[in-house]
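Taking my numbering, I'd label the letters of the sequence shown as residues 823 to 974.
Note that beta-carbon positions come from the ideal geometry of N, C-alpha and C, so glycine has one too.
Some notes on the structure that comes next.
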Amino acid sequence: MICDALENLNRYRGLHKNLETAIDYLTAYYVAHDLSDLPLGRTEVDGENVFINVMEAGLNPDSARLEYHKKYADLQIDLTGGEGWGYTNLPGEEAGEFAGDIGFRTSPDAVSGVLGEGRFVLFFPGELHKPGVARPGCDHVRKAVIKIRMED
C-alpha cells in the first residue's frame, strides 16, 4: 500500500509495466485537463491491463469488512471530497464469495487515513483495504479508481 500526493506519482515508476502505463496516462492527461474532467464510467487506457472507473459514491460508516483483489491493483483518487480508508495485513475471515476480481474479509484495520483531493492511495493485489468511509462533513465523493493488472 502506498499513500502519497499526486505530485509525487512519478516516484513509483519502475515498479510494474502496467503501473508505468497508468502513470504515463495520468501525467499526460493532467497536463491537458483537470483529472475531475474524466467522464463517469469506464475509460480505456490499455484494454484489460489498465482502465479507469470514475464514479459518484456515497460514503458509509466504518465497518470491519475489507475488500481485496487477486489480479488488479487499485490506484484510488478522490476528484471531489475526501473519503476515509482502511488497510490491514491481518488475514481475517472470508465474508462471502470471491467473484470477478473482488473478495471480502472481516478484519480490524491496522492503518487508516483520509484520501482527499490531490492525494492517491495504491492498494496492491492481496492487500485488504476499505475504501469509501464517511468522514465528518463528507458523505459523498467523485472518485477515479485506476485498475492496474498486476497478475495473470
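Candidates the options, of which the one nearest residue i by Cα
{"i": "V828", "options": "G925, A917, V943, G959", "result": "Sequence inspection shows Leu at residue 828; the Val mentioned does not correspond to that position. Among G925, A917, V943, G959, the Cα nearest to that of L828 belongs to V943."}
{"i": "L901", "options": "H838, L848, G836, T843", "result": "L848"}
{"i": "V876", "options": "L862, D868, P883", "result": "L862"}
{"i": "V870", "options": "D856, G935, L841, S885", "result": "Per the sequence shown, residue 870 should be read as Glu rather than Val. Minimum Cα distance to E870 is reached at L841."}
{"i": "F946", "options": "N832, K893, D884", "result": "K893"}
{"i": "N832", "options": "I824, I845, K839", "result": "I845"}
{"i": "G908", "options": "V963, P930, G918", "result": "P930"}
{"i": "T928", "options": "S885, G954, A966, R964", "result": "S885"}
{"i": "V872", "options": "G903, G922, T843, D859", "result": "T843"}
{"i": "C960", "options": "L937, G948, C825", "result": "L937"}
{"i": "A966", "options": "S934, E916, I874", "result": "I874"}
{"i": "L860", "options": "D826, I899, G922, G935", "result": "I899"}
{"i": "G948", "options": "A917, G903, G925", "result": "G925"}
{"i": "S858", "options": "K839, G903, E866, D868", "result": "G903"}
DSSP state of residue i mapped onto helix, strand, coil
{"i": "E866", "result": "strand"}
{"i": "E878", "result": "strand"}
{"i": "D974", "result": "coil"}
{"i": "D826", "result": "strand"}
Cβ-Cβ separation, residue j to residue i (assumed contact under 8 Å), whole Å
{"i": "A895", "j": "L912", "result": "So it is not a contact: roughly 20 Å between Cβ atoms."}
{"i": "L881", "j": "E905", "result": "5 Å"}
{"i": "Y890", "j": "L950", "result": "5 Å"}
{"i": "V955", "j": "A879", "result": "So it is not a contact: roughly 11 Å between Cβ atoms."}
Buried or exposed by the 16-neighbour rule on C-beta atoms within 10 Å, applied to residue i
{"i": "F920", "result": "exposed"}
{"i": "K952", "result": "buried"}
{"i": "R971", "result": "buried"}
{"i": "A850", "result": "exposed"}
{"i": "G940", "result": "exposed"}
{"i": "E969", "result": "For the record, residue 969 in the displayed sequence is Lys; it is not Glu. It is buried - the Cβ of K969 has at least 16 other Cβ atoms within 10 Å."}
Residue i at chain C interface by Cβ criterion, 9 Å
{"i": "G863", "result": "Looking for chain C here will not work: only one protein chain is present."}
With a floor of 3 residues, list each beta strand (DSSP E) that falls wholly inside the region 888-965, ordered by position along the chain. 894-902, 906-910, 925-928, 933-936, 941-945, 950-955
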